[in-house]
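Visitor:
Number of protein chains: 2
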Amino acid sequence: MVRGRRDAAPVLWHRKHDHRRCFEDALARAVSLCRRCGARLTAIRRRVLEVVWQGHRPLGAYEILETLRAERAGVAPPTVYRALDFLLGHGLVHRIESLNAFVGCSDPGSSHGGQFLICRTCGTAAELNDRRIALAIEGCSSESGFHVHHATIEVSGLCPNCQQSDAKVANA
Amino acid sequence: MVRGRRDAAPVLWHRKHDHRRCFEDALARAVSLCRRCGARLTAIRRRVLEVVWQGHRPLGAYEILETLRAERAGVAPPTVYRALDFLLGHGLVHRIESLNAFVGCSDPGSSHGGQFLICRTCGTAAELNDRRIALAIEGCSSESGFHVHHATIEVSGLCPNCQQSDAKVANA
DNA sequence: CACGAATTGATATGTTATAACATTGCTCAT
DNA sequence: ATGAGCAATGTTATAACATATCAATTCGTG
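Residue numbers (numbering that gives the first Met the number 0), protein chains in the order written: chain E, 0 to 171; chain G, 0 to 171.
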């Protein structure tokens, strides 16, 4: 449970990153993952996944809804929530509890709780998946006799870019 | 930031625990803490704190509201939310993001993010405050150049009691 | 093609949280 | 004492997030 796989996370802010590329990769992985397990990545589900990925920050369900409504009439909240449930169930997106928002999973296919660094200035969220954190939590929990099912880890703070911006403002 | 102070957490489930006593202690600490920093622990705020502590599991704002309404007429949501904001601001309660609920802080006065073990069967939440977890998160974050402000850590699973109950059911 | 199951549409409603402004009541300088 | 200033609370309305329910449609399969 709560298996971390990478120690060095490919954090969003480390380098300029090709948004289109990362999004297309995610979509391709989703398609192949669904094909393998016989799940139906229908048009709506696929579109919701695209919208979530293109936002590249956690999006609220009603933000997604607005985007869909601009494309086709008559989309209602249940449509979005059902698509999100599907995507959550297949590990293609994560829910950010502290924001009531959703974000694409950067490592679908591997079973893992999400670990997120969320910038409270620019709103971007980087998915971390660090074994040390998972192990620390698993360790403490089992010392208390607690059996872990899922760990929600959401760290709020300042991303590197926004720290710089802050400094500039302070110096001005 | 996110300083853990104890390594061995006094987890709720370790022993039978005197509910009245723990609640009275919490209230006494709150009173003295507010006196020291000049904050006004008014009747409403105090009552909300009592209700939250007596629940001894995370309570939703509207659950608290119902309790208050049974005692005095005309209490509305803002009343509860304002009291909760005050209590959150002074570190007397924590918000559980994954439940949209509130729980008394077992260690007010020390600055700390909350770490919670939440049983998905009985609903109780035990506050942990483990340095190892805090350090792991601080470490990973700073490796990514991220400056931590607040860490939300909410672990869902089975408490010792409910693991036993499950086993009994399975054997029956 | 017809069947059953999964998906989506449509409407209504439940749940959580805050905005906005009026009122009360306390403190403190005069 | 007294009233200006401010913090707290009351009151109403509404925003934001989420789900229940049932009808209609679509899709894969025999």
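Ideal Cβ placement from N, Cα and C applies to all residues, glycine included.
Kindly indicate which residue of E:Ile43, E:Leu83, E:Gly54, E:Asp24 has the alpha-carbon position closest to the one of Arg68 (chain E).
Guide: Numbered from 1 along the first sequence, position 69 holds the residue referred to as residue 68 (chain E). For the residues E:Ile43, E:Leu83, E:Gly54, E:Asp24, the minimum Cα distance to Arg68 (chain E) belongs to E:Ile43.
Visitor: Provide the residue(s) that pair with Leu157 (chain E) in DSSP beta bridges, ordered along the chain.
Guide: Sequence index remark: in the first sequence, residue 157 (chain E) carries index 158 (1-based). Per DSSP, G:His146.
Visitor: So, does the CB of Asp129 (chain G) fall closer than 8 angstroms to a CB anywhere in chain E?
Guide: Against the second sequence, residue 129 (chain G) aligns to sequence position 130. A Cβ of chain E is located within less than 8 angstroms of the beta carbon of Asp129 (chain G).
Visitor: So what does DSSP say about Tyr24 (chain E), is it helix, strand or coil?
Guide: Here residue 24 (chain E) refers to the residue found at position 25 of the first sequence. Per the sequence shown, residue 24 (chain E) should be read as Asp rather than Tyr. Three-state DSSP puts Asp24 (chain E) in a helix.
Visitor: Taking a Cβ distance cut-off of 7 angstroms, strictly less, list which residues of the segment 142-164 of chain G are near chain E, in chain order.
Guide: Ser143, Gly144, Phe145, His146, Val147, His148, His149, Ala150, Thr151, Ile152, Glu153, Val154, Ser155, Gly156, Leu157, Cys158, Pro159, Gln162
Visitor: Quick one, which of G:Glu126, G:Ala169, G:Arg94 has its alpha-carbon nearest Ser143 (chain E)'s?
Guide: Residue 143 (chain E) sits at position 144 when you count from the first residue of the first sequence. For Ser143 (chain E), the nearest C-alpha among the options comes from G:Glu126.
Visitor: Check each residue of the segment 88-102 of chain E: if its Cβ is closer than 7 angstroms to any Cβ of chain G, include it; give the result in chain order.
Guide: Glu96, Ser97
Visitor: I want to verify the contact list: residues of chain G whose CB lies under 7 angstroms from the CB of Cys139 (chain E), in sequence order.
Guide: Taking the first residue of the first sequence as position 1, residue 139 (chain E) is located at position 140. Leu127, Asp129, Arg131, Ile132, listed in chain order.
Visitor: Which chain E residues sit within Cβ distance under 9 angstroms of Trp12 (chain G)?
Guide: For the purposes of this step, residue 12 (chain G) is identified with residue 13 of the second sequence, where counting begins at 1. Within 9 angstroms Cβ-Cβ: Ser143, Gly144, Phe145.
Visitor: Can you pull the chain E residues whose beta carbon is under 7 angstroms from the beta carbon of Leu116 (chain G), in chain order?
Guide: Reading the second sequence from its first residue, position 117 is the one you call residue 116 (chain G). Within chain E, the residues near Leu116 (chain G) are Ser140, Ser143, Phe145.
Visitor: Quick one: any contact between the segment 109-129 of chain E and the segment 137-154 of chain E, if contact means 3 or more CB pairs under 8 angstroms?
Guide: yes
Visitor: Under 8 angstroms Cβ-Cβ, which residues of chain G neighbour Arg119 (chain E)?
Guide: Within the first sequence, residue 119 (chain E) is the residue found at index 120, counting from 1. By Cβ distance, chain G contributes His148.
Visitor: Please report the straight-line C-alpha distance between Val51 (chain G) and Ser164 (chain G), rounded to a whole angstrom.
Guide: Position 52 of the second sequence, counted from the start, is the residue given in the question as residue 51 (chain G). Position 165 of the second sequence, counted from the start, is the residue given in the question as residue 164 (chain G). Approximately 26 angstroms, taken between the alpha carbons.
Visitor: Can you name the residues of chain G whose CB is closer than 8 angstroms to the CB of Ala166 (chain E)?
Guide: Against the first sequence, residue 166 (chain E) aligns to sequence position 167. Neighbours of Ala166 (chain E) on chain G: none; closest Cβ ~11 angstroms, over 8 angstroms.
Visitor: Which residues in chain G have a C-beta closer than 9 angstroms to the C-beta of Ala135 (chain E)? List them in chain order.
Guide: By 1-based counting over the first sequence, the position of residue 135 (chain E) is 136. Asp129, Arg131, Ile132, Ala133, Leu134, Ala135, Ile136, listed in chain order.
Visitor: Quick check on DSSP: helix, strand or coil for Gly54 (chain G)?
Guide: On the second sequence, position 55 is the one that residue 54 (chain G) refers to. Gly54 (chain G): helix per DSSP, three-state reduction.
Visitor: Under a three-way DSSP split, which group does Arg39 (chain E) fall into?
Guide: Along the first sequence, read from residue 1 onward, the residue named residue 39 (chain E) stands at position 40. Residue state, collapsed to three classes: coil.
Visitor: Quick one: what's got a C-beta closer than 7 angstroms to Cys161 (chain G)'s C-beta in the same chain, skipping five residues either side?
Guide: Along the second sequence, one-based indexing puts residue 161 (chain G) at 162. These residues qualify, in order along the chain: Cys118, Thr120, Cys121.
Visitor: So, with DSSP's three-state summary, where would you put Thr123 (chain G)?
Guide: In the second sequence, counting from the first residue as 1, residue 123 (chain G) sits at position 124. The answer is coil: DSSP assigns Thr123 (chain G) none of H, G, I, E or B.
Visitor: Can you tell me where the alpha helix (DSSP H) with Leu177 (chain G) in it begins and where it stops?
Guide: Residue 177 (chain G) is absent from the structure shown; chain G starts at 0 and stops at 171.
Visitor: Taking all protein chains shown into account, decide if Ser140 (chain E) is buried (16 or more other Cβ within 10 angstroms of its Cβ) or exposed.
Guide: By 1-based counting over the first sequence, the position of residue 140 (chain E) is 141. Buried: at least 16 other Cβ atoms inside 10 Å.
Visitor: Between the Cα of Ile108 (chain E) and the Cα atoms of E:Ala25, E:Phe101, E:Pro76, which residue gives the shortest distance?
Guide: Taking the first sequence and counting its residues from 1, one reaches residue 108 (chain E) at position 109. Note that residue 108 (chain E) is Gly in the sequence shown, not Ile. The option with the nearest alpha carbon to Gly108 (chain E) is E:Ala25.
Visitor: For Glu23 (chain G), count neighbouring C-beta atoms within 10 Å of its own C-beta (all shown protein chains included) and say buried if the count is 16 or more, exposed if not.
Guide: Indexing the second sequence from 1 puts residue 23 (chain G) at position 24. Answer is exposed; the Cβ neighbour count stays below 16.
Visitor: Which residues mark the beginning and the end of the beta strand (DSSP E) in which Leu116 (chain G) is found?
Guide: Against the second sequence, residue 116 (chain G) aligns to sequence position 117. That run of the beta strand (DSSP E) goes 114-118.
Visitor: How many Å lie between His18 (chain E) and Glu65 (chain E) at the Cα?
Guide: Start at 1 with the first residue of the first sequence, and residue 18 (chain E) comes out as number 19. Start at 1 with the first residue of the first sequence, and residue 65 (chain E) comes out as number 66. Cα to Cα, the separation comes out at about 22 angstroms.
Visitor: Do you know how far the Cα of Phe115 (chain E) is from the Cα of Arg131 (chain E)?
Guide: As a working mapping, residue 131 (chain E) is identified with position 132 in the first sequence. As a working mapping, residue 115 (chain E) is identified with position 116 in the first sequence. Answer to the nearest angstrom: the Cα atoms are 14 angstroms apart.
Visitor: Buried or exposed for Glu70 (chain E), going by 16 or more other Cβ atoms inside 10 Å?
Guide: The count along the first sequence starts at 1 and reaches residue 70 (chain E) at position 71. Exposed.
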